[in-house]
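Residue numbers (this note's numbering), protein chains in the order written: chain L, 1 to 117; chain W, 1001 to 1115. Some notes on the structure that comes next.
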Amino acid sequence: AQTVTQSQPEMSVQEAETVTLSCTYDTSESDYYLFWYKQPPSRQMILVIRQEAYKQQNATENRFSVNFQKAAKSFSLKISDSQLGDAAMYFCAYCLWYGGSQGNLIFGKGTKLSVKP
Amino acid sequence: GAGVSQSPSNKVTEKGKDVELRCDPISGHTALYWYRQSLGQGLEFLIYFQGNSAPDKSGLPSDRFSAERTGGSVSTLTIQRTQQEDSAVYLCASSPRDTSYNEQFFGPGTRLTVL
């Protein structure tokens, strides 16, 4: 069974600084996607960034980038120039891709990020 | 356009009662997912609908949980004889199609409290 582990229940960063959130996963599959979702207090899950397992290049979205290490099954999220609006729960998630079809998302327990002004 | 909507936003019920939670996916989205978010278990997959195919019910925790999707659109998650451990936020997500990867768009969730 696939599992996703986030070892940092809480993290804190100073505004404008950089923070890295860790995620490891376990799978025996070769085709899958990895994601980081943000969940503010409103409960709305927002996709931050996505990485296809077959791509070696790390995904980037503006201030957000990932460090994808497939052999190590590691998928960390780096937030640069942190802003107050980045404060939220961040979930790492895995999705199996099989037979041209996607599966459900498997989530880690989450990391609560605080941003200090 | 409108996003995924869920109702009610909050639901308080007594142990043993049945509850129905509703999800309206984004128009045209053929895939619909239900997840449960609880303090002890994090985010868990419950059930997945894709078009007219039989749903993937592998995540349902017990036979007290069931879901249906009428006309390939609106979905209702029903919990019978609710227990206190059913207290959680129930999230619904929809996705455009299943022939290639498509983002899952989440609703705001229903917070269920079982007294």
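We treat Cβ as the ideally placed atom computed from N, Cα and C, and that holds for glycine.
Quick one: give me the first and last residue of the beta strand (DSSP E) that Q51 of chain L is part of.
46 to 52
Have a look at Q69 of chain L and S80 of chain L and give me their C-alpha separation to the nearest angstrom.
Roughly 20 Å separates the two Cα atoms.
Backbone CA spacing between M11 of chain L and C1023 of chain W [nearest angstrom]
33 Å
Can you tell me whether L21 of chain L is helix, strand or coil according to DSSP?
strand
Integer Cβ distance of T1076 of chain W from L1021 of chain W, believed to fall under 8 Å
7 Å
Per DSSP, cross-strand counterpart(s) of Q1037 of chain W:
W:L1043, W:V1089
Using beta carbons (cut-off 8 Å, strictly below), is N104 of chain L in contact with chain W?
yes
Determine, using beta carbons only, whether F1106 of chain W comes closer than 8 Å to chain L.
A Cβ of chain L is located within less than 8 Å of the beta carbon of F1106 of chain W.
Can you name the residues of chain W whose CB is closer than 9 Å to the CB of L47 of chain L?
Under a criterion of Cβ atoms nearer than 9 Å, the residues of chain W adjacent to L47 of chain L are, in order, E1103, Q1104, F1105, F1106.
Mind checking the stretch 1011 to 1033 of chain W against chain L and listing, in chain order, the residues whose C-beta falls within less than 7 Å of any C-beta there?
Answer set for the stretch 1011 to 1033 of chain W: Y1033.
contact_flag[the stretch 5 to 20 of chain L, the stretch 107 to 115 of chain L] where n(CB pairs < 8 Å) is 3 or more
Counting Cβ pairs under 8 Å, three or more are found: they touch.
Would you please verify whether the beta carbon of F107 of chain L is less than 8 Å from any beta carbon of chain W?
yes
Within 10 angstroms of the Cβ of P1025 of chain W, are there 16 or more other Cβ atoms? Answer buried if so, exposed if not.
Counting other Cβ atoms within 10 Å of its Cβ, P1025 of chain W reaches 16 or more and is therefore classed as buried.
Can you give me, in chain order, the residues of the stretch 1054 to 1083 of chain W that have a beta carbon less than 8 Å from any beta carbon in chain L?
D1056, G1059
Excluding sequence positions up to five away, which residues of its chain have a Cβ less than 7 Å from the Cβ of R1036 of chain W?
E1044, L1046, A1088, Y1090
Taking 7 Å as the cut-off, does the CB of K1057 of chain W come closer than this to any heavy atom belonging to the ligand ATP?
Here there are no bound small molecules, and the ligand ATP is not part of this structure.
Using the Cβ count rule (16 or more neighbours within 10 Å means buried), how would you classify A958 of chain W?
An answer regarding residue 958 of chain W cannot be provided, because it is not within the stretch 1001 to 1115 covered by chain W.
Give the C-beta separation of Y33 of chain L and W97 of chain L to the nearest angstrom, bearing in mind that I take them to be a contact with Cβ-Cβ under 8 Å.
Correct: roughly 6 Å between the Cβ atoms.
Interface partners of S30 of chain L on chain W, CB under 9 Å
Going along chain W, no residue has its Cβ under 9 Å from S30 of chain L, so there is no contact; the nearest lies around 15 Å.
Along chain W, which residues have their Cβ under 9 Å away from the Cβ of R63 of chain L?
Within chain W, no residue comes near R63 of chain L; the closest Cβ sits about 19 Å away, beyond 9 Å.
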